[in-house]
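*Asks:* Here this note's numbering is used: position 308 in the sequence shown is 308, and no number is missing along the way.
Using N, Cα and C, we set each Cβ at its ideal position, and we do this for glycine too.
Just so you know, these numbers come straight off a predicted model, no measurement behind them.
This is the structure I have questions about; it appears just below.
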Amino acid sequence: MVAIASPSLAAPPRFRCCEDTHGRRRHRPPPPLAPEAQFPERSMAAPCPRPRRIILVRHGQSEGNVDESVYTRVPDPKIGLTPKGWRDAEECGLRIRDLVAGDGADDWKVYFYVSPYRRTLETLRGLGKAFERSRIAGVREEPRVREQDFGNFQDREKMRIEKEIRHRYGRFFYRFPNGESAADVYDRITGFRETLRADIDIGRFQPPGERSPNMNLVIVSHGLTLRVFLMRWYKWTVEQFEGLNNFDNGGMLVMQTGSGGRYSLLVHHTVEELRAFGLTEAMLNDQMWQMTAKPGELNYDFVTDGSSFFTHLV
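Okay, here's the thing in structure tokens:
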């Protein structure tokens with residue numbers, strides 16, 4: 001007779017921590033990566049310095065600026081600079097160099113965004129003559145800062161009539177047939193602004209291993225597009241936008257960091273210059289606030305205070 005051991009007396013199975021119930025070795029998952037390994041831009045202990053300036057440049061004088069009939073023969077994106085336009089660009093490049101080198105820092109650099117139109121690309125080449133290779137941190141062609149699409153330019157008389165209608169209807173909302181309104185440009189500039197803000201926040205413009213506060217961004221674009229960019233950045237109203245004047249060809253407007261880290265037009269420009277550009281007293285007061293405010297702060301006395309919208313609060 002064979003004795004059968006009671007189940008309660010049987011030795012308990014012995015499993016190793018690295019084996020399953022069948023004795024097969026388990027594969028342990030690798031430990032999670034540290035945040036700085038997953039996102040290298042987060043490895044910096046402190047926020048990356050903001051570029052010192054965002055410099056907005058309108059292209060130099062183009063063939064279309066001196067002869068509108070060019071638009072009936074040449075596609076808008078292929079219209080180039082005049083000889084004066086090339087001089088405009090080169091002179092603007094020298095002004096930018098004098099401005100950024102005037103800080104006295106040894107490590108200053110410039111990073112360019114440019115519209116893909118011929119006249120802006122040529123303007124960029126003219127600007128670039130003022131800088132040696134070591135001073136250029138990079139260049140990015142950015143289609144979102146292209147010119148407003150005016151539709152079909154081939155019928156010159158029809159285009160003249162459309163521009164008269166726009167003047168009566170309003171520069172911001174009027175859409176050219178088969179083209180864009182300034183409101184349409186605003187929508188694509190909003191996307192560009194968010195990309196730009198994200199790149200600024202993570203230090204996308206900084207060369208590897210560097211954290212220089214002396215980076216300068218230059219956006220080479222078109223008159224209306226640059227005014228819309230400013231409108232979007234500073235949250236100006238449609239009425240305030242429509243009171244702005246265009247940049248000169250080869251002209252520039254400088255957004256420079258104030259003592260708190262925000263960008264203000266008044267750090268570089270005078271009140272008189274900004275009034276001539278079209279800023280109202282309320283807009284100038286906001287720019288004064290921008291000179292000392294910190295990123296993330298809100299100016300509750302500008303536009304959002306309600307009095308400009310609710311007449312019973314005035």
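Indicate whether residue 290 and residue 258 have their beta-carbon atoms separated by less than 8 Å.
*Replies:* As a working mapping, residue 290 is identified with position 290 in the sequence shown. As a working mapping, residue 258 is identified with position 258 in the sequence shown. Yes, these two residues count as a Cβ contact at 8 Å.
*Asks:* Considering only the beta carbon of each residue, do residue 205 and residue 223 sit closer than 8 Å?
*Replies:* The count along the sequence shown starts at 1 and reaches residue 205 at position 205. The count along the sequence shown starts at 1 and reaches residue 223 at position 223. Result no, Cβ atoms of residue 205 and residue 223 do not sit closer than 8 Å.
*Asks:* Based on the DSSP output, what are the partners of residue 216 in its beta bridges?
*Replies:* Position 216 of the sequence shown, counted from the start, is the residue given in the question as residue 216. DSSP, once it has assigned bridges, lists 53 and 110 as partnering residue 216.
*Asks:* In angstroms with no decimal places, state the Cα-to-Cα distance between residue 316 and residue 268.
*Replies:* Not covered by the structure: residue 316. The range shown for the chain is 1 to 314.
*Asks:* Within 10 angstroms of its Cβ, does residue 138 collect 16 or more other Cβ (buried), or is it exposed?
*Replies:* For the purposes of this step, residue 138 is taken as residue 138 along the sequence shown, with counting starting at 1. With fewer than 16 other Cβ atoms within 10 Å, it is exposed.
*Asks:* So, for residue 166: in the same chain, excluding its five sequence neighbours on each side, which residues have a beta-carbon less than 8 Å away from its beta-carbon?
*Replies:* The count along the sequence shown starts at 1 and reaches residue 166 at position 166. Here the set comprises 174 and 176.
*Asks:* For residue 294, count neighbouring C-beta atoms within 10 Å of its own C-beta (all shown protein chains included) and say buried if the count is 16 or more, exposed if not.
*Replies:* By one-based count along the sequence shown, residue 294 stands at place 294. Residue 294 comes out exposed.
*Asks:* Do residue 299 and residue 277 come within 8 Å of each other at the CB atom, strictly closer than that value?
*Replies:* Within the sequence shown, numbered from 1, the residue matching residue 277 stands at position 277. Within the sequence shown, numbered from 1, the residue matching residue 299 stands at position 299. Cβ atoms of residue 277 and residue 299: not closer than 8 Å.
*Asks:* Short check: CB of residue 215 to CB of residue 109, under 8 Å?
*Replies:* Walking along the sequence shown from the start, residue 215 turns up at place 215. Walking along the sequence shown from the start, residue 109 turns up at place 109. In contact: residue 215 and residue 109 (Cβ atoms closer than 8 Å).
*Asks:* Between the C-alpha atoms of residue 131 and residue 203, what's the straight-line distance to the nearest angstrom?
*Replies:* Residue 131 sits at position 131 when you count from the first residue of the sequence shown. Residue 203 sits at position 203 when you count from the first residue of the sequence shown. For residue 131 and residue 203, the distance between alpha carbons rounds to 22 Å.
*Asks:* Let me confirm a value: residue 51 is counted as buried when at least 16 other C-beta atoms fall within 10 Å, else exposed. Which label applies?
*Replies:* Indexing the sequence shown from 1 puts residue 51 at position 51. Looking at its Cβ environment, which holds 16 or more other Cβ atoms inside 10 Å, residue 51 is buried.
*Asks:* Can you grab the Cα-Cα spacing for the pair residue 301 / residue 161, in whole Å?
*Replies:* Looking up residue 301 in the sequence shown gives position 301. Looking up residue 161 in the sequence shown gives position 161. Cα to Cα, the separation comes out at about 41 Å.
*Asks:* Whose C-beta lies closer than 7 Å to the C-beta of residue 169 among residues of the same chain, with five residues either side of it excluded?
*Replies:* On the sequence shown, residue 169 is found 169 positions in, with the first residue counted as 1. Hits under 7 Å: none found.
*Asks:* Excluding five sequence neighbours on each side, which residues of the same chain lie with their C-beta closer than 6 Å to the C-beta of residue 41?
*Replies:* What you label residue 41 is simply residue 41 of the sequence shown in a count that begins at 1. Interpretation of residue 41 is limited by its pLDDT of 48, a score under 50 that renders its predicted location unreliable; no figure is taken from the coordinates.
*Asks:* At the level of alpha carbons, what is the spacing between residue 77 and residue 312?
*Replies:* Residue 77 sits at position 77 when you count from the first residue of the sequence shown. Residue 312 sits at position 312 when you count from the first residue of the sequence shown. If I take the Cα positions, the gap works out to 48 Å.
*Asks:* Buried or exposed for residue 142, please, with buried defined as at least 16 other CB atoms from any protein chain shown within 10 angstroms of its CB.
*Replies:* For the purposes of this step, residue 142 is identified with residue 142 of the sequence shown, where counting begins at 1. Classification for residue 142: buried.
*Asks:* Buried or exposed, going by whether 16 or more other CB atoms sit within 10 Å of the CB of residue 89?
*Replies:* Start at 1 with the first residue of the sequence shown, and residue 89 comes out as number 89. Residue 89 should be labelled buried.
*Asks:* Distance check for residue 296 and residue 47, CA to CA, integer angstroms please.
*Replies:* Residue numbering aside, residue 47 sits at position 47 when the sequence shown is read from its first letter. Residue numbering aside, residue 296 sits at position 296 when the sequence shown is read from its first letter. Distance between the alpha carbons of residue 47 and residue 296 is about 14 Å.
*Asks:* Grab me the residues of residue 123's own chain with a C-beta within less than 6 Å of its C-beta, minus the 5 sequence neighbours each way, in chain order.
*Replies:* Residue numbering aside, residue 123 sits at position 123 when the sequence shown is read from its first letter. So the list reads 59, 60, 89 and 220, once near-sequence residues are dropped.
*Asks:* According to DSSP, what are the bridge partners of residue 125?
*Replies:* Translated into the one-based positions of the sequence shown, residue 125 becomes position 125. DSSP output for residue 125 lists no bridge partner at all.
*Asks:* Quick check on residue 73: does DSSP put it in helix, strand or coil?
*Replies:* For the purposes of this step, residue 73 is taken as residue 73 along the sequence shown, with counting starting at 1. Residue state, collapsed to three classes: coil.
*Asks:* Between the Cα of residue 115 and the Cα atoms of 80, 94 and 106, which residue gives the shortest distance?
*Replies:* Position 115 of the sequence shown, counted from the start, is the residue given in the question as residue 115. Looking at the Cα atoms, 80 is the closest of the given residues.
*Asks:* Using the C-alpha atoms, what's the distance from residue 85 back to residue 238?
*Replies:* Within the sequence shown, numbered from 1, the residue matching residue 238 stands at position 238. Within the sequence shown, numbered from 1, the residue matching residue 85 stands at position 85. Cα-Cα distance, rounded: 31 Å.
*Asks:* Contact defined as beta carbons within less than 8 Å: I believe residue 189 pairs with residue 228. What is the distance between those atoms, to the nearest angstrom?
*Replies:* Here residue 189 refers to the residue found at position 189 when the sequence shown is read from its first residue. Here residue 228 refers to the residue found at position 228 when the sequence shown is read from its first residue. So it is a contact: roughly 5 Å between Cβ atoms.
*Asks:* Are there 16 or more other CB atoms within 10 angstroms of the CB of residue 57, so buried, or fewer, so exposed?
*Replies:* As a first step, residue 57 is located in the sequence shown; it is residue number 57 there, counting from the start. The residue in question, residue 57, is buried, as its Cβ has 16 or more Cβ neighbours within 10 Å.
*Asks:* Should residue 187 go down as buried or exposed, given a rule of 16 or more other Cβ atoms within 10 Å for buried?
*Replies:* One-based indexing of the sequence shown puts residue 187 at position 187. Exposed.
*Asks:* Would you call residue 241 buried or exposed, if buried means 16 or more other Cβ atoms sit within 10 Å of its Cβ?
*Replies:* Numbered from 1 along the sequence shown, position 241 holds the residue referred to as residue 241. Residue 241 should be labelled buried.
*Asks:* Tell me which same chain residues have a C-beta within less than 7 Å of the C-beta of residue 97, skipping the five on either side of it?
*Replies:* Position 97 of the sequence shown, counted from the first residue, corresponds to residue 97. Excluding residues within five positions, the ones whose Cβ falls inside 7 Å are 130 and 131.
*Asks:* In the DSSP assignment, find the unbroken beta strand (DSSP E) run with residue 257 in it and report its ends.
*Replies:* Mapped onto the sequence shown, residue 257 falls at position 257. 252-257 is the extent of the beta strand (DSSP E) around residue 257.
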